[in-house]
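Protein chains: 2
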Amino acid sequence: MTTQPILLNEDEIEALRREVGTSTLMGKTIASHIKDVEAFMALPLDVPGHGEAGGYEHNRHKQNYTYMNLAGRLFLVTQDDKYAKFVRDLLAMYAEKYLTFDFHVQKNTNPTGRLFHQILNEHCWLMFTSLAYSCVASTMSEQERQTVIDRVFDPMLDMFTVKYGHDFDRIHNHGIWAVAAVGICGLAVGKPEYLEMSVYGLERNETGGFLAQISKLFAPSGYYIEGPYYHRYAIRPLCVLAEVVHRHMPELDIYNYKDQVIGNTVQALLSTAYPNGEFPALNDASRTMGITDMGVQVAVSVYSKHYGMNDNILGMAKIQDKVWMHPCGLELSNAYEAAVAERKIGLPFIPSVELNEGPNGDRGAQGFVRMQDKTGDVSQLVMNYGQHGMGHGNFDTLGISFFNRGQEVLREYGFGRWVNVEPKFGGRYLDENKSYARQTIAHNAVTVDQTCQNNFDVAKADSVHGLPHFFKVDDERINGMSAFANEHYDGLGMQRSVFMLNLDELEAPLLLDLYRLNGEGEHQYDYSHQYQGQVIRTNFDYQANQELHTLGDDFGYQHLWNVASGQVDGPALVSWLQNNQYYTWLGTSTQQQGEVIFTRTGANDPSFNLRSEPAFLLRAKGKSTLFASVLETHGYFNEEFEQSVNARGQVDNITVIGSNEIASVVEITTKSSTVTVMVSNNASATDATEHNVEFNGKTFSWTGFYSLEIANQSSQEK
Amino acid sequence: MTTQPILLNEDEIEALRREVGTSTLMGKTIASHIKDVEAFMALPLDVPGHGEAGGYEHNRHKQNYTYMNLAGRLFLVTQDDKYAKFVRDLLAMYAEKYLTFDFHVQKNTNPTGRLFHQILNEHCWLMFTSLAYSCVASTMSEQERQTVIDRVFDPMLDMFTVKYGHDFDRIHNHGIWAVAAVGICGLAVGKPEYLEMSVYGLERNETGGFLAQISKLFAPSGYYIEGPYYHRYAIRPLCVLAEVVHRHMPELDIYNYKDQVIGNTVQALLSTAYPNGEFPALNDASRTMGITDMGVQVAVSVYSKHYGMNDNILGMAKIQDKVWMHPCGLELSNAYEAAVAERKIGLPFIPSVELNEGPNGDRGAQGFVRMQDKTGDVSQLVMNYGQHGMGHGNFDTLGISFFNRGQEVLREYGFGRWVNVEPKFGGRYLDENKSYARQTIAHNAVTVDQTCQNNFDVAKADSVHGLPHFFKVDDERINGMSAFANEHYDGLGMQRSVFMLNLDELEAPLLLDLYRLNGEGEHQYDYSHQYQGQVIRTNFDYQANQELHTLGDDFGYQHLWNVASGQVDGPALVSWLQNNQYYTWLGTSTQQQGEVIFTRTGANDPSFNLRSEPAFLLRAKGKSTLFASVLETHGYFNEEFEQSVNARGQVDNITVIGSNEIASVVEITTKSSTVTVMVSNNASATDATEHNVEFNGKTFSWTGFYSLEIANQSSQEK
């Protein structure tokens, strides 16, 4: 029997056809795909030879499979043969040339393909092209089909399962592309044994294959160790192959496999996203990857079909403004149309979530706390207290990022890489990714003695993890999380407790951060903050340096210019303007005396590989130390219309009342209230633990992990 | 008779009323005003005392008049008394308090008001509040009206025409606010003699008043000497007062006054705008001011009513997405609705235009050349070869800026100022505006011997101007302009000739720039380029400095860090990525040997007043020199979707064939053609002048200002 479309049947195709020309999400999706495919079809067909990563040849092969994948389905949906002809003609050219290409010269650890410098890309090519072929095979002659099978598909299947068979069963995000490509191509060429191989592994012994991959790649929470950027890359073949297995091996009941591990991990990925849909750049990651990625579009469509719809899924579809051109996407599109007809679908407000890490969920976690202000704007606080992300791991345990008003405020630098920009080292990772972007000082964390956590030793970092203390998000006034990291600097325990406080007098949740370092000897602690925008004011004098030197020689410090610095005694205030928004940071430590240093990246950057970005750090020297700071979001500036309101904010002061092994107590003063926050430092505390601490002759008592007291100043004064 | 609405009659009010709730531009405008006014009305009324510029009090008075102005008309349009009550109540509070406020303490050269630190703002208050009063006066009791007149309006009229009478007749952009405020208030309080005074001046001797202002402020081209940023500030009271005079002194036929000077100057202002509607930051100016400014909305509405509609006006209305809430705006809204019903209204494509300067149009000009690429995207090239902009003038004669793909590529820094940001020196001009932003080196120009044009002497700069050579924009292949500036550096003549070339093989017009310096002795020439984004590649080795020093000690150089530099021999290539777009610059000079220096602003900036921005300059040392460069726009990068195409561009080389007093000849080589451009350097040339020059034994001959020859390489090779 001639190969039939692998992913959809006749009824489903007809249902999609009815969407053509409509203004639904599916209608818009189809129109957009038609526009893109036709623009590409207007170019002469080309199957080029070898090229550099990110170069013309690389891009062309990628475009070829991308548009074949869409054209195959567009042929079915529109019944216009021009799309089928495009796929047929291009496949014929590949059949003519493929075996004339030798394998690329090996340049990195990934085996090389005949089209691409690494087989990962060749897997992508095969998965998408097999799907396209399945859509148009019925329009090809027997000989045309056989030529493509003999000269492209079979050689590729052989390469992936024999020549590179040793790599096929590796549990890795790349591995999902391998099994998806081989399994789907097997179906396309009428050799279902390849699908079996892909699902169960070459050896059928649970060490490889799709089922082993999805069983082992994710934590019980669904979190993927390398972070959302790599997670979203794996999610596409995962969802596509899942849908194929669902249709062709229904006996596996894949969507319910292992307590719905697929739905669980899609949900986990989505739950990391900032309110605007971008993913926090945890570990090596682009700053702009988000749920609009095509893979996440597929995942959201699959999730909505097989795991149920809700307003957050619909909100994501709204951001995506597209769906997967597939029956799963149609289900989502229909649900969206029905929903907007009866109510307003806003941006998603994803609940706060703690995603545990490790095969058993006991190797720390990633915390995502969200809180809305009165206007509905979502502030999101992210803290990493889980595992090191393997080869892509950044050394930033207890690092945080903070987002509100549509922008990341305490920022991740993201990776040192221009993906697919050929003149920038072929789009590969740049040296500065290691020497700067992954170092502790590049993050919103405390760097001890100008070194990196675990001395930038990946093996050591992989062997340790953070220890969750509490994650509490049910109060209207205060939400927060706390964790320890005791194995990241020798002989030093670290604990970070971060909160968002909803105070009546403030326009947005106040970020409160307590970073405690506890151990032997004297150290230098750099409490750093990666911001963006223009410094508006400070409450201390600083000196801008007349010539610039680096802040240090190693561990990322060699890339930081020391731009300006000032001594502080007590709380230091740094206020800045980021786009339309004012932010004021007030920070101090138990050392009282310290130094604020303003830095800028770009030193020792011989090829302009770094972006020029500012940061400031509060440096304290001494024994065990508690840093305490608040970050207020306030006011508004519009340069275009020359409007500015509330440029100074409401928070006046922050004081550390005391900190010891039991607890830390800080006091925040605003224009109208005094806020006392007491936090447990006792790693064995529970919700029932009673805390009593005395600082400066005053006793503070509470039950549970923390306590909040707000005293209204005007009522005090009366 | 009770005061009636000054700007619209009953029929017009009814016509506006019919727009409420519609989706027309006027309907959207009314809805937007209602939303804004209601949000403000929800706050408690407040008439505060003195405050800092940009501070709460300043902002509040400004908001009070802004929303009274809208509320007055909304009362008429909606017939809802709540808007009238808001105006009445607020006026009553002003009446109670105004005379209890003493005059502010003088802080700058502008006289002080009782509400604001300078009477300019008090003029604004009076104009808008008088208009609001005229809309609601019929709802007030005689006593309420008299109280406001006695305690606010009359004292203000007296202040402006008696106490500060010496300032009232000054010909200046501020002067238009003064006459508009006084004339309109006079009508509102039933004292038309104030309107007469405003129109004809206090002395009625043509040295002051509105007619003198509009006769003298603008060049014959309509250009305003201080540039678009200040022009758009003056255009609002100008148009409002014009409409008042049109209605209350129809005998003046104001819209035809002096050959339609009002329409002419509005047209001139609009014709400076970049394709996205933003104004080039000529002289002291914000980088984000554009046609969406409320004043320009009023101007576009007035223009369309009294001077005629066209697709560029409609395109601007599309960018504005609003109109003036007035019969003039309704006319525009109706025209827009009619137009979009029958055709697509795109962004405006304003014709290229040369705007002459000076009272007689003989003091140089500002040139604006525009060219579209195949996709319709507009490239705009701006060159200043006119006058110095008085106290707000930058020292950048022959400076250029370049815009395409929705962004400024060769950039203006804009002013050193955060308008209305109170903690930044009360929102006033910062020291760095003089020490950096206005200096020659801050611009895309050539700085000679590390000094500023005219040694930063405003009086000297005001006394000289550029000399237009040619401005030719009628060819499909090549558009360009050329000018001399011979009095800006002692003993040195300068000529800049800039072109856009449409070459088949390029994605966008190629910018070609020939900058010639001619005079006695040896000099250092810094040919600088203000860009934004990330350096992608160069064709020469450079060394990033291990420590940063400033590039010099004065004339703006003290604010530039010397980041990296490299020696070049022949054409230097610098390629960068700005957002989604690659740009490649190839530049050389007759000196061959030179140095490329990469700089960044921020040195000697003790209060973080400067933005951190990159630039590069090609430095040549020697006698008379010609710099020649091209700037290619190519390719596409999308980080979010990880796409990159054509990252390297098509242009390979640029060579100076020769340059002398008669002409300059350069050759550009692309992957597929060799382009020769010959340009006349003869200041007395005309379209009929024959040029013959011999360089390296080859003779180049042409008639007119320049000639272009394109040789296809593949045809040559055959």
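From first to last, the protein sequence lines stand for chains A and B. The numbering of the first sequence is numbering that gives the first Met the number 0, which starts it at 0 and goes up by one. The numbering of the second sequence is numbering that gives the first Met the number 0, which starts it at 0 and goes up by one. Every residue, glycine too, gets a C-beta built ideally from N, C-alpha and C.
Considering Cα atoms alone, identify which of A:Met493, A:Leu75, A:Ser197 is closest to Lys622 (chain A).
Lys622 (chain A) has its Cα closest to that of A:Met493, out of A:Met493, A:Leu75, A:Ser197.
Determine the burial state of Gly415 (chain B): buried for a count of at least 16 other Cβ atoms within 10 Å of its Cβ, exposed for fewer.
Under this definition Gly415 (chain B) is a buried residue.
Can you tell me whether DSSP reads Met370 (chain B) as helix, strand or coil?
In the structure shown, Met370 (chain B) sits in a strand (DSSP, three-state: E or B).
Beta-carbon proximity list for Ser574 (chain B), same chain, < 6 Å, skipping 5 on both sides
Result list for Ser574 (chain B): Ile535, Arg536, Thr583, in chain order.
Can you pull the chain B residues whose beta carbon is under 9 Å from the beta carbon of Gly53 (chain A), in chain order?
Counting only Cβ-Cβ distances below 9 Å, Gly53 (chain A) has contacts in chain B at Ser643, Ala646, in chain order.
Neighbourhood of Ala563 (chain A) by C-beta, 8 Å cutoff - its chain only, sequence neighbours within 5 removed
Scanning its chain for C-beta atoms nearer than 8 Å, with the 5 sequence neighbours on each side dropped, one finds around Ala563 (chain A) the residues Tyr541, Gln542, Ala543, Asn544, Ile596, Phe597, in chain order.
Please check if any C-beta of chain A sits within less than 7 Å of the C-beta of Arg16 (chain B).
By this cut-off, Arg16 (chain B) is not an interface position.
Interface residues of the stretch 533-561 of chain B facing chain A [CB-CB below 7 Å]
Of all residues in the stretch 533-561 of chain B, Gln533, Val534, Ile535, Arg536, Ala543, Glu546, Leu547, His548, Trp560 have a Cβ within less than 7 Å of some Cβ in chain A.
Below-7 Å beta-carbon distance, Val447 (chain A) vs any chain C residue:
Structure shown: chain C not included; protein chains present are A and B.
Quick one: is Asp604 (chain A) near chain B, going by C-beta distance under 7 Å?
So yes, Asp604 (chain A) belongs to the interface.
Does the beta carbon of Ser285 (chain B) come closer than 7 Å to any beta carbon on chain A?
Residue-level contact by beta carbon holds for Ser285 (chain B) and chain A, with a gap shorter than 7 Å.
Closer than 7 Å, CB to CB, is Glu519 (chain B) near chain A or not?
Using a CB distance cut-off of 7 Å, Glu519 (chain B) does not count as an interface residue toward chain A.
Can you name, in chain order, every residue of its own chain whose Cβ lies under 6 Å from the Cβ of Ser434 (chain B), other than the five neighbours on each side?
The beta carbon of Ser434 (chain B) is closer than 6 Å to none in its chain, skipping five residues each way along the sequence.
Can you pull out the residues from the stretch 216-230 of chain A whose beta carbon lies closer than 7 Å to at least one beta carbon of chain B?
For the stretch 216-230 of chain A, there are no residues whose beta carbon sits under 7 Å from a beta carbon of chain B.
Kindly list the residues whose CB is nearer than 6 Å to the CB of Asp153 (chain B), restricted to its own chain and excluding five residues on each side of it in sequence; keep chain order.
In its chain, beyond the 5 residues on either side, no residue has a beta carbon closer than 6 Å to the beta carbon of Asp153 (chain B).
Which residues, taken in chain order from the stretch 417-443 of chain A, show a beta carbon closer than 8 Å to some beta carbon of chain B?
Cβ contacts with chain B: Trp417, Val418, Asn419, Val420, Glu421, Pro422, Lys423, Gly426.
Cβ-Cβ separation, Pro47 (chain A) to Glu56 (chain A) (assumed contact under 8 Å), whole Å
Sure, about 4 Å apart at Cβ, within 8 Å.
Measuring only the C-alpha atoms, how far is Ile290 (chain B) from Met315 (chain B)?
Going by the C-alpha atoms only, they are around 7 Å apart.
Could you tell me the distance, in whole angstroms, from the CA atom of Gln606 (chain B) to the CA atom of Trp560 (chain A)?
Per the sequence shown, residue 606 (chain B) should be read as Ser rather than Gln. Rounded to whole angstroms, Ser606 (chain B) and Trp560 (chain A) show a C-alpha spacing of 17 Å.
Buried or exposed: which applies to Leu505 (chain B), given that a residue is buried once 16 or more other Cβ atoms fall within 10 Å of its Cβ?
By the 10 Å Cβ count, Leu505 (chain B) comes out buried.
Does the stretch 340-356 of chain B come into contact with the stretch 267-285 of chain B, if we say contact requires no fewer than three beta-carbon pairs (one atom in each stretch) closer than 8 Å?
The stretch 340-356 of chain B vs the stretch 267-285 of chain B: in contact.
Do you know offhand how far Phe704 (chain B)'s Cα is from Arg476 (chain B)'s?
The alpha-carbon atoms of Phe704 (chain B) and Arg476 (chain B) are separated by roughly 15 Å.
Proximal residues, the stretch 583-602 of chain A versus chain B, C-beta separation under 9 Å
Here the close residues are Phe597, Arg599, Gly601, Ala602.
Cβ-Cβ separation, Lys321 (chain B) to Thr28 (chain B) (assumed contact under 8 Å), whole Å
Indeed they touch by this definition, with Cβ atoms about 5 Å apart.
Stretch pair the stretch 240-253 of chain B + the stretch 198-212 of chain B: three plus CB contacts closer than 8 Å:
Using a C-beta cut-off of 8 Å, the stretch 240-253 of chain B makes contact with the stretch 198-212 of chain B, since at least three inter-stretch Cβ pairs fall below that distance.
contact_flag[the stretch 173-189 of chain B, the stretch 238-249 of chain B] where n(CB pairs < 8 Å) is 3 or more
The stretch 173-189 of chain B is in contact with the stretch 238-249 of chain B.
Give the interface partners of Glu639 (chain B) over in chain A, defined as CB-CB distance under 8 Å, in chain order.
Close partners of Glu639 (chain B) in chain A (Cβ separation under 8 Å): Ser285, Thr287, Met288, Gly289, Thr291, Asp292.
Output yes or no for whether 7 Å exceeds the beta carbon distance between Asn282 (chain A) and Gly388 (chain A).
Annotated as proximal: Asn282 (chain A) and Gly388 (chain A), with beta-carbon spacing under 7 Å.
For a cutoff of 7 Å on Cβ pairs, would you count Phe607 (chain A) as touching chain B?
Residue-level contact by beta carbon holds for Phe607 (chain A) and chain B, with a gap shorter than 7 Å.
Sheet register partners of Tyr582 (chain A) (DSSP bridge)
Bridge partners of Tyr582 (chain A): A:Trp575, A:Thr632.
Distance between Val665 (chain B) and Leu617 (chain B) (C-alpha atoms, nearest Å)
Distance between the alpha carbons of Leu617 (chain B) and Val665 (chain B) is about 18 Å.
Beta strand (DSSP E) runs wholly inside the stretch 508-573 of chain A, at least 3 long, in chain order:
Qualifying beta strand (DSSP E) stretches, in chain order: 509-518, 522-529, 533-537, 559-568.
For Met92 (chain B) and Leu718 (chain B), believed in contact at Cβ under 8 Å, the rounded distance
Nothing about residue 718 (chain B) can be read from this structure; chain B reaches only from 0 to 717.
For the stretch 420-427 of chain B against the stretch 257-267 of chain B, do three or more pairs of beta-carbon atoms, one drawn from each stretch, fall closer than 8 Å, so that the two count as touching?
The answer is no - the stretch 257-267 of chain B does not touch the stretch 420-427 of chain B, with fewer than three Cβ pairs under 8 Å.
So what does DSSP say about Lys717 (chain A), is it helix, strand or coil?
Confidence at Lys717 (chain A) is low in this model, with a pLDDT of 36, below 50, so the placement of that residue is unreliable and no value is reported for it.
With 7 Å as the limit, tell me which residues of the stretch 105-120 of chain A have their beta carbon closer than that to any beta carbon of chain B; keep them in chain order.
Taking 7 Å as the cut-off between beta carbons, none of the residues of the stretch 105-120 of chain A comes near chain B.
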